[in-house]
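I have placed the structure first, in the form of structure tokens, so that the comments after it can refer back to it.
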Amino acid sequence: AVKEGPLRLEFFHRHVSDGYRMYWQAPLDSVKQMVQELTDYAAKTEGRGDVVGLGIRSEEIKGVSHDALWRSMMASIREPARYFTCSNVSIKECKGFVQRMLTANGETYIENIYDDEPSCEIVYRKLVNGAETDVERVVALRAHPLQIEFHMRNKADGFRVDWNMPKSAPLSCVEAIVREAKRMDSVRPTTIGYGITSDPIRECSYDSLMAAVQLSIKEPWQVIEVDQTGCDAQDCAGYIQRKMKLTATGESVLERVTVNEEIGEFTYNKCDASGRPSDVERVLAIHTPLRLEFYERSARSGLRVDWKAPYDIARDTFSKTVQLAQKIEKGSSDVVGLGLASKPITEVSQDAVWKAMLFAMRNPAECGLKVNNVTVRDMSGYMQR
Numbered sequence: 001a002v003k004e005g006p007l008r009l010e011f012f013h014r015h016v017s018d019g020y021r022m023y024w025q026a027p028l029d030s031v032k033q034m035v036q037e038l039t040d041y042a043a044k045t046e047g048r049g050d051v052v053g054l055g056i057r058s059e060e061i062k063g064v065s066h067d068a069l070w071r072s073m074m075a076s077i078r079e080p081a082r083y084f085t086c087s088n089v090s091i092k093e094c095k096g097f098v099q100r101m102l103t104a105n106g107e108t109y110i111e112n113i114y115d116d117e118p119s120c121e122i123v124y125r126k127l128v129n130g131a132e133t134d135v136e137r138v139v140a141l142r143a144h145p146l147q148i149e150f151h152m153r154n155k156a157d158g159f160r161v162d163w164n165m166p167k168s169a170p171l172s173c174v175e176a177i178v179r180e181a182k183r184m185d186s187v188r189p190t191t192i193g194y195g196i197t198s199d200p201i202r203e204c205s206y207d208s209l210m211a212a213v214q215l216s217i218k219e220p221w222q223v224i225e226v227d228q229t230g231c232d233a234q235d236c237a238g239y240i241q242r243k244m245k246l247t248a249t250g251e252s253v254l255e256r257v258t259v260n261e262e263i264g265e266f267t268y269n270k271c272d273a274s275g276r277p278s279d280v281e282r283v284l285a286i287h288t289p290l291r292l293e294f295y296e297r298s299a300r301s302g303l304r305v306d307w308k309a310p311y312d313i314a315r316d317t318f319s320k321t322v323q324l325a326q327k328i329e330k331g332s333s334d335v336v337g338l339g340l341a342s343k344p345i346t347e348v349s350q351d352a353v354w355k356a357m358l359f360a361m362r363n364p365a366e367c368g369l370k371v372n373n374v375t376v377r378d379m380s381g382y383m384q385r
């Protein structure tokens, strides 16, 4: 695995069925030799050749934020004419992707477009005779330094393949992406559009912010203008269903709210009168460095849409959420509550802490738990203890 911050390679052994690491008896010297050979090859091939090959990155992008660049890239999917010359654009929402047809340079193209928000990647799969080809083009936003990367990979296994296209072709679109991103960053918007991001949050921790958002799901009056007496939240299979009455309009709202703690994402889907979820969902995301982001996406394709909600309402929600997080952080209790974080760990690395946690899963008696008769079984997708 390639890890960042600092850049390093990691090797480990894990069980196929559940993904838990296992002790590896491989000689250390052979791994060291492989690391050195990989590093030497990377240094030798970096920036060589006139074609994209196994991938190419733009020059470092300065003067614009990461979030604005990503929103610009997302806007280019639905509004390509802002980025390059094309016509007859049509978009069809499909399950997990959008299908886009357009005409450029006298030729009509049909492609399925997927996105991965956590990794900031957009995938383009060209259609030939109605079927996706075996390879896909990937446009990815990279951080530290801020760059846009282009590569091609096999659709089936995800491995990169050699892309015999001049470097200038994919890099030519970077200028338009940056231009639109700077425009988004420089003008104060009136609507949320393809998303807005809060100012950097320094007044509270990630854990307190996570707890505040989760509390606000069941107590929405803490962050938005609703009638507290009319609020109700129920735990359902895979989501929370909540009812509330908006103070401004008196409208009764029924929503399904889902939580993905691993990526710090919360989705809100407003239901119709019969209780069916709508075609769009709002997303509140917590990012690192610490900030909040709000946007709307298609519930079917998962790709962002242009949200016409007022910008100022979202900003107000950000402020109230941070204030709630500060309140939680300042409170003290002898119970875990909505979560408990340790003090900062400085004497060991993140890798060492993660390995210790993995060891503790298989050996709880040796790691502080007062237990005995421990048995462990590797199951399909999980470990049974």
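Residue numbers (UniProt numbering): 1 to 385. Heads up, the beta-carbon is just placed ideally off N, CA and C, and yes, glycines get one too. All of these numbers come straight from a predicted model, not from anything done at the bench.
In terms of DSSP beta bridges, what is residue i paired with?
i	result
Val259	Phe266
Lys239	Going by the sequence as given, residue 239 is Tyr instead of Lys. Answer is Cys236.
Gly53	Trp163
Trp307	Gly193
Ile110	Met101
Gln384	Arg377
Ser252	Lys245
Cys271	Pro277
Val336	In the DSSP output, where bridge partners are listed per residue, Val336 has none listed.
Val223	Val223 is not bridged to any residue.
Ala131	Val128
Do you know how far the Cα of residue j is from the Cα of residue i?
i	j	result
Gly238	Glu261	13 Å
residue 386	Glu37	Outside the modelled stretch of the chain, which goes from 1 to 385, sits residue 386, for which no answer is possible.
Trp24	Asp18	16 Å
Asp334	Leu215	19 Å
Leu127	Ile345	50 Å
Leu141	Ala365	44 Å
Ser342	Ile224	31 Å
Glu281	Lys327	28 Å
Asp157	Leu324	44 Å
Cys367	Ile113	47 Å
Leu9	Val31	10 Å
residue 458	His151	Lying before the first or after the last residue shown, residue 458 is absent from the chain, which here runs from 1 to 385.
Ile201	Met165	42 Å
Ile217	Ala314	15 Å
Val52	Lys320	47 Å
Thr108	Asp162	25 Å
Arg125	Asp134	8 Å
Ser76	Thr85	12 Å
Asp378	Val16	9 Å
So the alpha helix (DSSP H) residue i belongs to, where does it begin and stop?
i	result
Lys327	311–330
Asp67	66–78
Leu28	28–45
Ser216	206–218
Ser186	174–186
Gln350	350–362
Ala169	168–171
Would you mind working out which of the options sits nearest residue i, comparing C-alpha positions?
i	options	result
Val336	Ala211, Arg48, Leu7	Ala211
Thr103	Pro118, Gly96, Pro80	Pro80
Ser380	Val374, Gly302, Tyr20	Tyr20
Lys155	Val138, Ser90, Met165	Val138
Arg78	Val98, Ala143, Glu60, Glu59	Val98
Pro277	Thr375, Thr190, Ile286, Thr267	Thr267
residue 398	Val305, Gly264, Arg300	The structure shown does not extend to residue 398, since the chain is modelled only from 1 through 385, so no value can be given for it.
Thr317	Cys86, Pro220, Val123	Pro220
Ala273	Glu46, Thr45, Glu255	Glu255
Ala169	Glu46, Ile56, Trp354, His287	Ile56
Glu111	Asn105, Asn164, Asn129	Asn129
Ala233	Thr258, Leu209, Glu251	Thr258
Cys204	Thr288, Thr45, Val305	Thr288
His13	Ala1, Leu7, Gly5	Ala1
Cys120	Ala356, Arg188, Arg304, Tyr311	Arg304
Glu60	Lys3, Met34, Pro310, Val174	Val174
Asp116	Met73, His144, Tyr382, Tyr83	Met73
Val226	Pro310, Glu251, Asp378, Met22	Glu251
Leu290	Thr133, Val322, Thr375, Phe159	Val322
Ala309	Arg153, Pro189, Ser349, Ala352	Pro189
Leu7	Val35, Asp235, Tyr83	Val35
Gly96	Trp354, Val213, Gly302	Gly302
Gly339	Tyr206, Phe159, Gly106	Tyr206
Met22	Tyr83, Val374, Ala356, Ser90	Ala356
Gly331	Ser208, Ile91, Leu54, Asp351	Ser208
Gly5	Pro145, Val353, Asn373	Pro145
Tyr311	Gln384, Lys44, Thr191	Thr191
Note the first and the last residue of the continuous beta strand (DSSP E) segment covering residue i.
i	result
Glu296	291–298
residue 386	Because the chain is modelled from 1 through 385, residue 386 falls outside the range shown and cannot be assessed.
Asp281	What sits at residue 281 in the sequence shown is Glu, not Asp. That run of the beta strand (DSSP E) goes 280–287.
Tyr148	At residue 148 the sequence reads Ile, which differs from the Tyr that was named. That run of the beta strand (DSSP E) goes 147–154.
Arg125	121–128
Ser90	87–94
Taking only beta-carbon atoms, is residue i less than 8 Å away from chain C?
i	result
Ser30	The structure shown contains no chain C; it is built from a single protein chain.
ask   = Is there contact here, the stretch 68–75 with the stretch 173–187, by at least three beta-carbon pairs under 8 Å?
value = yes
inquiry  = Using a Cβ distance threshold of 8 Å, determine whether the stretch 235–250 contacts the stretch 349–366, with at least three qualifying pairs required.
reply    = Contact between the stretch 235–250 and the stretch 349–366 is absent, because fewer than three Cβ pairs lie under 8 Å.
key: Validate contact between the stretch 189–206 and the stretch 279–295 using beta carbons, cut 8 Å, 3 pairs   = For the pair of segments examined, the stretch 189–206 was found to touch the stretch 279–295: the number of CB pairs separated by less than 8 Å reaches three.
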